[in-house]
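Heads up: the sequence shown at position 117 corresponds to 116 in numbering that gives the first Met the number 0, and the numbers run straight through without jumps.
Backbone N, C-alpha and C fix where the C-beta goes; we use that ideal spot for every residue, glycine too.
Please read all numbers here as calculations on a predicted model, not as lab measurements.
Worksheet: the structure to be examined is printed underneath.
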Amino acid sequence: MEPLDLAGAWLFSPRIHGDRRGAFLEWFRKDELDRPMEVAQANCSISVRGTLRGVHFSDVPPGQAKYVTCVSGSVLDVVVDVRTGSPTFGRWVSVELDDRERRAVYLAEGLGHAFFALSESATVMYLCSTPYAPLREHGVNPLDPALGIAWPAGVEPVLSAKDAAAPTLAQAAEQGLLPSYADCLAHYASPAGQQVGPRGG
């Protein structure tokens, strides 16, 4: 597990065991995490090239931690710090996830998540610490110029109507939709809070 440039975001690079039959790897292990992530839901998302999903996040508490990998094709996976009061508020990091290196991204509650399908078809699997709850789910427009996320050039993004109509980061802040960094830290530290990073993180 390697920390990314946003507190609460980590990259896992598995050891892949390959032979003439194929390959085997461990893509998720609770014991790699300081406070094991409770898995309440597992999602599978299949996207055509150019599909842009996100930026999605949940109210904290309870929030929704995610552990994301791409099992077929490739995506540009992006984590955005939408926690008001965070020293890295408004910043983002991106990692390519694909079916070759089979890396995974962990993001703690309160961080925003999005991805862009790079291959003709991409299948993303992700574990969630809490079930989907529509009233607690929010979004920020992934094309917000103020965020300035470097999406791939030369491919027209395909967004859902909901994501296309999502507010900018500034508008979401004005509307009181964003989680606060203080609330996130308190949640991470609480006995009921979910995992925030690998051992020692």
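*Pick out whichever of Q174, A172, G53 has its Cα sitting closest to the Cα of P156.*
G53
_Test item: CB-CB of A210 and A116 under 8 Å_ = In the structure as shown, the chain begins at 0 and stops at 200. Residue 210 is therefore absent and cannot be evaluated.
*Can you give the Cα-Cα distance for G153 and S189, rounded to whole angstroms?*
45 Å
*Enumerate, from N- to C-terminal direction, the unbroken alpha helix (DSSP H) stretches of 4 or more residues contained entirely within the stretch 124-175.*
160-163, 168-173
_For A39, the nearest candidate out of L110, V123, Y66, E31 (CA to CA)_ = Y66
*For the putative contact between P178 and V139, defined by C-beta atoms under 8 Å, what is the C-beta separation to the nearest angstrom?*
Actually they are not in contact, since the Cβ atoms of P178 and V139 sit about 12 Å apart, beyond 8 Å.
_Nearest candidate by alpha-carbon position, reference D30, set Y187, D18, F11_ = F11
_Assuming contact is defined by CB atoms lying nearer than 8 Å, are E95 and L75 in contact in what I supplied?_
yes
*Using DSSP with H/G/I as helix, E/B as strand and the rest coil, what is L117?*
coil
*Where does L3 fall in DSSP's three states?*
coil
*In this structure, does DSSP put A107 in helix, strand or coil?*
coil
*Quick one: what's got a C-beta closer than 6 Å to S44's C-beta in the same chain, skipping five residues either side?*
V123
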